[in-house]
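Novice: Just passing along the structure, written as structure tokens.
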Amino acid sequence: MRLDNGKRRMIMSVAMDLFSRNSYHRVVMDEIAREAKVAKGTLYYHFKSKEALYASLLHDGLDQMIQRLKERFTEGNPIDNLNLFIKEMVSFFNENRSFFIVLQREEGKLFSKKLDNCYNKICTINDLLGSLLEDGVDKGVLRDDIDGTVLVEMIMGMIKSPVLKGKITSERQSDSIIKVLTEGITIQGG
């Protein structure tokens with residue numbers, strides 16, 4: 015007997031909400047089962063442990079993010095693709111706020127063995143951004159004198175920090191990040 019997809023989604027949605035409001039150690043499977051309105055045995059049948067459920071939440075969210083980013087890019091203008099990357103990240107994080115909170119909490123820690131693949135998926139996202147930046151350098155529209163790894167971390171920080179604080183909720187605010195990245199903060203000729 016397998017849980018139907020609707021039941022699984024409900025369990026994962028409830029668990030994500032609980033993990034976003036509480037630390038990993040404060041959430042218990044009994045609470046997840048109660049709020050998801052499933053028997054505890056049903057929960058354990060599908061997710062062997064709290065760690066397995068938690069890992070599924072992170073893996074699924076990261077997979078969705080990677081798929082969404084990969085679907086959006088073209089062989090076009092690197093600046094357009096950079097703009098699109100930033101807008102998609104902001105949009106995804108705002109649409110999946112609970113996931114974003116859990117991910118941010120986890121990124122600050124050492125990943126357990128079950129979460130090693132999550133680290134690899136985060137690296138994939140950073141690599142996508144790095145590839146966009148390299149394309150811009152190769153096409154002569156981005157500077158080549160800035161360390162790409164540092165730039166990736168800076169851009170991700172520019173996206174994550176304001177989103178976490180609830181400061182970026184609109185496209186206009188995303189445009190501010192893009193403007194700082196593409197035009198800098200100095201007055202031209204000044």
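Just so you know, we're using our numbering here: the sequence shown kicks off at 15 and counts up by one.
Idealized CB from N, CA, C, for every residue including glycine.
These numbers were taken from a predicted model, which means no experiment stands behind them.
1. Sort E197, I191, E120 and L195 by Cα distance to V104 and report the nearest one.
2. Can you tell me whether S34 is helix, strand or coil according to DSSP?
3. Compare the Cα-Cα distances from D158 to each of V164, E148 and V166 and report the closest residue.
4. Check G204 in the structure and name its three-state DSSP category.
5. Identify, in the order they occur along the chain, each residue of the same chain with its Cβ nearer than 8 Å to the Cβ of L98, setting aside the five sequence neighbours on each side.
6. Quick check: the region 64–78 against the region 29–36, are at least 3 beta-carbon pairs closer than 8 Å?
7. Whose CA, out of D130, G162, I93 and G154, lies closest to the CA of D141?
8. Measure the Cβ-Cβ separation of G144 and V116 and say whether it is below 9 Å.
9. Count the other C-beta atoms from every protein chain shown that fall within 10 angstroms of the C-beta of V194, then say buried if there are 16 or more, exposed otherwise.
10. Could you tell me the alpha carbon to alpha carbon distance between M207 and K174, rounded to whole angstroms?
11. Within 10 angstroms of the Cβ of V41, are there 16 or more other Cβ atoms? Answer buried if so, exposed if not.
Specialist: For this structure:
1. I191
2. helix
3. E148
4. With a pLDDT of 45 at G204, under the threshold of 50, the modelled position of that residue is not reliable, and no figure is offered here.
5. R86 and F87
6. yes
7. G162
8. no
9. exposed
10. As displayed, the chain neither begins before 15 nor continues past 204, which places residue 207 out of reach and without an answer.
11. buried
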